[in-house]
Structure formats: structure tokens, C-alpha cells
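Undergrad: Residue numbering for the sequence shown follows UniProt numbering, starting at 1 and increasing by one per position. Each residue gets a CB set at the ideal place from its N, CA and C atoms; glycine is no exception. There's a structure below that I have some questions on.
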Amino acid sequence: MEKTLDLKFTYTEKKDTRSGFGDGLLEAGRKNPNVVGLCADLIGSLKMGAFQKEFPDRFFQVGIAEANMIGLAAGMTIGGKIPFTGTFANFSTGRVYDQIRQSVAYSDKNVKICASHAGLTLGEDGATHQILEDVGMMRMLPHMTVINPCDYNQTKAATLALVDHVGPAYLRFGRPSWPIFTPADQKFEIGKAWKMIDGNDVTIFATGHLVWEAVVAEAMLREEGISAEIINIHTIKPLDEAAILKSVAKTGCAVSAEEHQLNGGLGDSIAQVLSRNAPAPLEYIGVNDSFGESGTPTQLLEKYGLNAENIVKAAKKAIKRK
């Protein structure tokens, strides 16, 4: 379907967003000698091998001891280091939430918690690894920045931006090969939404892998004479409230699209902004209070309604509610 649509963003290559993190970390290490890497026995999965090879004295393999990894990282910041921790999103948050809360967020430590294999698109590893609650958990923590980039290039840019950002941060990315459709030389501004496509009838706020699905949905809607505005919310906290309010003031309704539980994620964040400032119809695309299951990324996105076709349906529903 993508090939027959008049897409305003296109791609020639697919690559996993975790590789964007790995390549960004290596470049960050070359630019700043205070950057250090820590990994919980998943160097290959987190694409941290190149950093380890080039900077062996600045890399720490802690083994399957995620809580210890967070404690080590927090301590390293006291000496001026900028630690990037790496493991699966499930283990980066749920397994070590107490350590993050007490040792990182509460004391405002400059730790970058980097989490791969997030959401349903982890795929065949199944529900035990497909965390869909992590954004909600992390955005509730005071001081914590939450970033969820959409492709390889944006993930690399976000990783580099975190070197200069002072304070705790959660960087979420994934396993599957995904379209690379954003510029390689992009400037990543933490907390600044990116309006990718102008529109007048409905705003689609998307994050992570679902930004691409939103781009496809925009073309599908345009074929039906519906003008959709696409806004890439790569930073869920701090949220770009001004961009949200400006767009919805123009379109009058919105859709949120995320690879996360409906509860506690991007949609809830947007709903809070709208309800406090300018209430408007908002439809949610996300997982509705359930765990995932084993399957290919595409199969799972389709089954749980996290694709372009369902974004189109949600956009039409939001428009009818105006």
C-alpha cells in the first residue's frame, strides 16, 4: 500500500532504531571523554559493541544485574561522568524502578537510561519482554526527561543530544528494521515537537515507530480529501504544550498514536494539556489495557490496532466529534 500512496516522506532503507543508539553512543564517546557506557549482558542487542571496542576503559559490563548498573551509573555522575546504561526496556524500567527513583530521579543524577526492545515490535519474544507501561512509569518521575524517537537517524540524533542535556533521561527505542525517513543531519531539540506535515482537519500526534504509520495515514486521508497535520512528539516529557495547543486550535480535533498502553502514555499527556487549556475531541491509538503476545512486529501492530489503517479510522471519528 505504501508504494501506491503519495507519501510526503519516503525511505530507501530500513534499519533498527537500536542501531541509531549504538552509532550515536560511539560518536558521543569520541566527542566527549566523560561519556561512559554500562550494559547488563546485552552488548549485541543494544549495539554497544563498537563503543566497547574503541573505549574499553570507559565501558562496564555489569552482567545480569540491572539494579547494580543503575547504582553504578548514579555514582559515576558524582565524578563528572556521563553514563549511558543499556538493556531491554522491560529491564531498564520495571526491574529497577526503585533504583531509578531513589538513586537517579530523586537526587537528579545525570544518568541516561537507554532502553531497547520496547513495545510490541519486540516481536517473537512475547509478552514478558514487550513492556508497554514504561513511558508512563518514567514520565511520572520528577526530573526525568522521556524521549521516544521514530527512526534510526532520529535515535542517533537524540543520543547525541543527551550528552549535552544535564539531568536524568529515558531514551526508548526498538528492535525491528524500520523505515529511515528523517534527515541524517537533523538537529534534535529535546522538548520541541516537529510538525512534519501541515493540515487543517485533524492533528495526528505520533511518537516512536508510529510516526511512520502516521505519515502513511496522512496520505490515505489525503486521498479522501481529508487534511491531516502530522506532529512528531519525540519528547514526551517535557511535552511541547505550545505546539499541541497551536495545532489543535487550527484543526479542532486530534489523534494520539503510540506503541504503549493507552493508560499513562502520550495520549494521556496530550489529554491533560487539552483539558487544562482548550478541550477538544481526542482519539487514542495504543494498546488497550492488555499484554502483548508472540508474533512478527507487523502482525502485532495490526492485531492491536497500531497501524495506519486504524489511525485513519480514529482521525475520521475525531473529526465527527467536532
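1. Would you say the region 160-169 touches the region 279-299, given that touching needs at least three Cβ pairs under 8 angstroms?
2. Could you pull the start and end residues of the beta strand (DSSP E) that R112 belongs to?
3. Could you check the C-alpha separation between E2 and G86 for me, to the nearest Å?
4. Could you check what DSSP says for S290 in three-state terms: helix, strand or coil?
5. How about the region 299-308 and the region 196-205: do they share at least three Cβ pairs that are nearer than 8 angstroms?
6. Should P183 be labelled buried (16 or more other beta-carbon atoms within 10 Å of its own) or exposed?
7. Examine the Cβ distances between the region 7-25 and the region 143-156 and report whether three or more of them are shorter than 8 angstroms.
8. Would you mind giving the Cβ-Cβ distance between L282 and S256, rounded to the nearest angstrom? I have them listed as a contact below 8 angstroms.
9. Here's the rule: buried if 16 or more other CB atoms are within 10 angstroms of the residue's CB, otherwise exposed. What is I78?
10. By DSSP, does K322 sit in helix, in strand, or in coil?
11. What whole-angstrom Cβ distance do F181 and V215 have, given they're in contact under 8 angstroms?
12. What three-state label does DSSP hand S269 in the structure shown?
13. Count the other C-beta atoms from every protein chain shown that fall within 10 angstroms of the C-beta of Q186, then say buried if there are 16 or more, exposed otherwise.
14. Which runs of the beta strand (DSSP E), 3 residues or longer, sit entirely within the region 82-170?
15. Quick one, which of R101, V287, D23 and K317 has its alpha-carbon nearest A74's?
16. Throw me the rounded Cβ distance for the F51 and G80 pair, which I believe falls under 8 angstroms.
17. Rounded to whole angstroms, what is the Cα-Cα separation between L160 and K112?
18. Considering I70, what are the terminal residues of the alpha helix (DSSP H) in which it resides?
19. Per the DSSP calculation, A257 is bridged to which residue(s)?
20. According to DSSP, is V62 part of a helix, a strand, or is it coil?
21. I need the straight-line Cα distance from G37 to A278, nearest angstrom please.
22. What are the complete beta strand (DSSP E) segments, minimum 3 residues, inside the region 17-49?
23. For P176 and N34, what's the separation of their Cα atoms in angstroms?
24. If we count the other Cβ atoms within 10 Å of its Cβ and call it buried at 16 or more, is G225 buried or exposed?
25. What is the residue span of the alpha helix (DSSP H) that S247 lies within?
26. Could you check if Q272 is buried or exposed, using at least 16 other CB atoms within 10 Å of its CB as the buried criterion?
TA: According to the structure data:
1. As far as the Cβ criterion goes, the region 160-169 does not touch the region 279-299, which means the pair count is below three.
2. What sits at residue 112 in the sequence shown is Lys, not Arg. Residues K112 to S116.
3. For E2, the pLDDT reaches just 47, beneath the cut-off of 50, and the residue's location in the model is therefore unreliable, although a value from the coordinates is still provided. Going from the Cα of E2 to the Cα of G86 covers about 33 angstroms.
4. The DSSP-derived three-state label of S290 is coil.
5. Between the region 299-308 and the region 196-205, the count of C-beta pairs closer than 8 angstroms stays below three; the two stretches do not touch.
6. P183 comes out exposed.
7. Yes, since at least three Cβ pairs between the region 7-25 and the region 143-156 fall closer than 8 angstroms, the two stretches touch.
8. About 7 angstroms; that satisfies the 8 angstroms criterion.
9. Counting the other Cβ atoms within 10 Å of the Cβ of I78 gives fewer than 16, which makes it exposed.
10. In the structure shown, K322 sits in coil (DSSP, three-state: anything other than H, G, I, E or B).
11. Confirmed, Cβ separation roughly 7 angstroms.
12. Note: S269 maps to helix in three-state DSSP.
13. Of the residues assessed, Q186 falls on the exposed side of the cut-off, its CB having fewer than 16 other CB atoms within 10 angstroms.
14. Within the region 82-170, the runs of beta strand (DSSP E) that reach at least 3 residues and sit entirely inside it are, in chain order, 82-88, 112-116 and 145-147.
15. Ranked by Cα distance from A74, the first of R101, V287, D23 and K317 is R101.
16. The Cβ separation is near 19 angstroms, so there is no contact.
17. Rounded to the nearest angstrom, the gap between the Cα atoms of L160 and K112 is 11 angstroms.
18. Unbroken alpha helix (DSSP H) run through I70: E66 to I78.
19. DSSP output for A257 lists A206 and I285 as bridge partner(s).
20. In the structure shown, V62 sits in coil (DSSP, three-state: anything other than H, G, I, E or B).
21. About 43 angstroms.
22. Correct list: 35-39.
23. Taking the straight line joining both Cα atoms gives about 30 angstroms.
24. Around the C-beta of G225, fewer than 16 other C-beta atoms lie within 10 Å, and the residue is accordingly described as exposed.
25. E241 to T251 is the span of the alpha helix (DSSP H), which, as asked, contains S247.
26. Flag for Q272 reads exposed.
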